[in-house]
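K.L.:
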């Protein structure tokens, strides 16, 4: 994926429910303008519309498709990319999120352990008796 990511000059995130959008921050760190759906959580909290990308209301693919040419235009895209790079650097203290000590791949096993312990300690989780299947799922994810 890194090789494909390196070929890009803009970033489009068409998801309706992206909880935070680490991938958007990674794109901003690379200096790319970001086009994303304006949803309740996620890109709205990361992007400054018109400064480091565009937020669009997705009522169909036409709205997003119509916004892509503005990002392809060289001058606005370069300005937005520089702004996004500065914004994301401030958020990640100069580290790309994938190399940060808080990145998802490094923290995910801890999150899974915590979620599993919580589920097994709850009355509902204990009555299901699914401790073995939870453990197997954990092992397969953390390899």
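Residue numbers (full-length UniProt numbering): 1 to 143.
Beta carbons: idealized from backbone N, C-alpha and C, even for Gly.
Quick caveat: nothing in here was measured; it's all calculated off a predicted structure.
(1) Kindly indicate which three-state DSSP category residue 35 falls into: helix, strand or coil?
(2) With a threshold of 6 Å on Cβ separation, who are the neighbours of residue 63 within its own chain once the five nearest residues in sequence on each side are excluded?
(3) Which residues in the same chain have their Cβ closer than 6 Å to the Cβ of residue 16, if we skip the five residues on either side of it in sequence?
(4) Alpha carbons only, please: which of 51, 45, 72 and 69 is nearest the one belonging to residue 22?
(5) Going by DSSP, what residue range makes up the alpha helix (DSSP H) through residue 71?
(6) Would a C-beta distance cut-off of 8 Å place residue 43 and residue 24 closer than the cut-off?
(7) With residue 53 as the anchor, note down where its beta strand (DSSP E) starts and where it stops.
(8) Determine the DSSP secondary structure at residue 27, reduced to helix, strand or coil.
(9) Whose CA, out of 4, 8 and 2, lies closest to the CA of residue 72?
(10) So if DSSP puts residue 144 in a beta bridge, which residue, or which two residues, is it bridged to?
P.N.:
Well, looking at it:
(1) Residue mapping note: residue 35 aligns to position 35 of the chain shown, counting from 1. Strand, per DSSP.
(2) Numbered from 1 along the chain shown, position 63 holds the residue referred to as residue 63. Cβ neighbours of residue 63 beyond the five flanking positions: 56.
(3) For the purposes of this step, residue 16 is identified with residue 16 of the chain shown, where counting begins at 1. 37 and 39, listed in sequence order.
(4) Within the chain shown, the letter at position 22 stands for residue 22. Closest option to residue 22, Cα to Cα, is 45.
(5) Taking the first residue of the chain shown as position 1, residue 71 is located at position 71. Residues 61-72.
(6) The residue given as residue 43 occupies position 43 in the chain shown. The residue given as residue 24 occupies position 24 in the chain shown. Cβ distance < 8 Å, so residue 43 and residue 24 count as in contact.
(7) For the purposes of this step, residue 53 is taken as residue 53 along the chain shown, with counting starting at 1. Looking at the DSSP string, the run of the beta strand (DSSP E) that includes residue 53 is 53-56.
(8) Here residue 27 corresponds to residue number 27 of the chain shown, with the count starting at 1. It is helical.
(9) Working through the chain shown from its first residue, we reach residue 72 at position 72. Distances from the alpha-carbon of residue 72 to those of 4, 8 and 2 put 8 closest.
(10) Residue numbering for the chain in the displayed model covers 1 to 143; residue 144 lies beyond these limits and cannot be assessed.
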